[in-house]
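Below is one structure, written out as structure tokens, with a few remarks after it.
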Amino acid sequence: MPRYRLLVEYDGRPYNGFQAQATLPSVQGAIEAAVKAFCGQELRIAAAGRTDTGVHATGQVVHVDLERDWPAQTVMNALNAHLTREAVSILACEIAQGDWHARFSANERRYLYRILNRPAPPALDKGRVWHVKKPLDAQAMHAAAQHLVGLHDFTTFRDMHCQAKSPLKTLDVARVWREGEVVCLAFEARSFLHRQVRSMTGTLVEVGIGRWSAEDVKAALEARDRTACGPVAPPDGLYLVGVGYGD
614 MPRYRLLVEY DGRPYNGFQA QATLPSVQGA IEAAVKAFCG QELRIAAAGR TDTGVHATGQ
674 VVHVDLERDW PAQTVMNALN AHLTREAVSI LACEIAQGDW HARFSANERR YLYRILNRPA
734 PPALDKGRVW HVKKPLDAQA MHAAAQHLVG LHDFTTFRDM HCQAKSPLKT LDVARVWREG
794 EVVCLAFEAR SFLHRQVRSM TGTLVEVGIG RWSAEDVKAA LEARDRTACG PVAPPDGLYL
854 VGVGYGD
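In structure tokens, the structure reads:
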């Protein structure tokens, strides 16, 4: 039974998150329905990460085990043909090697958060950015973000419903920069806690508008207390942009 590795892009707005839901639309449900329409198989796909409602992806990775040995290009084209009414696209497809697994073989996940920083609201990017009217100091946000890099207890930035066994995570990269009217935040780690990226982003915005200092961020992290977190950023500006497998 061949395993196919799919690179997936999606707009998270129409879906109740990635994970399949019994009665609500999901990205996983859309892909699984496309597989069934293509070859008649009813199955569960595996993904590198399960994004929340409204969160987008340009580099999600999933795998699907098909009963028949199809050419990878045929699988990609067929799934896209059955996804034309969905906000989901298969960007690439290849046959996986060995015991490769979309989730368990991943050793890096990369997220990007986009903030539109101007007085006027978005017209073209509505639902795809967080609109913050007050001027943001991206350099101050970047400096504060460095306190989050490394191995830490991220309880402060962990959602109360997070099911991870431990709040200990290693954040490899935290960068903040400005591109015109857009402030970008990039985070890289092997794995993240539930809503960790949105929690860190919301806190760093407090630094950007001058309410918090870099030392306040450090103190919040060290508090290991969810109530010490700043406001949680909305899902609109968050993108899963890449998954690393060491290959």
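For the sequence shown, the numbering used here begins at 614 and goes up steadily by one. Beta carbons: idealized from backbone N, C-alpha and C, even for Gly. Owing to the predicted nature of the structure, the values given are computational and were not obtained by experimental measurement.
Contact between valine 668 and proline 780 does not hold, since their C-beta atoms are separated by about 21 Å, which reaches or exceeds 8 Å.
Secondary structure within the stretch 685-749: the alpha helix (DSSP H) runs of 4 or more consecutive residues, fully enclosed, are 685-694 (chain order). Tryptophan 743 counts as buried, since at least 16 other C-beta atoms from the protein chains shown sit within 10 angstroms of its C-beta. Residue range 669-678 is occupied by the beta strand (DSSP E) that includes glutamine 673.
About 4 Å separates the beta carbon of alanine 705 from that of leucine 620, a gap short enough to meet the 8 Å contact definition. Under the three-state reduction of DSSP output, alanine 660 falls in the strand class. Beta-bridge partners assigned by DSSP to histidine 774: none are found. Around the C-beta of alanine 733, fewer than 16 other C-beta atoms lie within 10 Å, and the residue is accordingly described as exposed. In this structure the stretch 714-727 lies against the stretch 798-814, because at least three pairs of beta carbons, one per stretch, are closer than 8 Å. As far as DSSP is concerned, tyrosine 628 takes part in no beta bridge.
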